[in-house]
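Numbering (our numbering), first residue to last: 2 to 94.
Ideal placement from N, C-alpha and C gives every residue a C-beta, glycine not left out.
Note that the coordinates shown come from a computational prediction; the quantities given were computed from them, not determined experimentally.
Okay, structure first, notes after.
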């Protein structure tokens, strides 16, 4: 499960960085780097903690933002949150 976790986390963080720095148009942005370092460290720390303490919850969280058994309203909410997050990153850039 640890390899699957890293296989999902690394591309997500790369995408996050691409959106953030792509919108900024430069890599010369110390605050952006600070955000990415903090966000990456917290994502990794929470994921490793869940891997150790509650693997079932980690497995469920790794299922994606829209899962089969979710009500439609939950799926739409999660998709809206993700679109809002990306929009916020673009606005910061």
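Proximal residues to residue i (C-beta, below 6 Å), its chain only, five neighbours per side dropped
i: residue 65; result: none
i: residue 37; result: 18
Neighbourhood of residue i by C-beta, 7 Å cutoff - its chain only, sequence neighbours within 5 removed
i: residue 79; result: 66 and 67
i: residue 87; result: 20
i: residue 56; result: 2
Extent of the continuous alpha helix (DSSP H) to which residue i belongs
i: residue 57; result: 56 to 62
i: residue 79; result: 73 to 93
i: residue 17; result: 3 to 25
Own chain, CB closer than 8 Å to residue i, minus 5 neighbours either side, in chain order
i: residue 45; result: 10
i: residue 24; result: 90, 91, 92, 93 and 94
i: residue 3; result: 52
i: residue 62; result: 51
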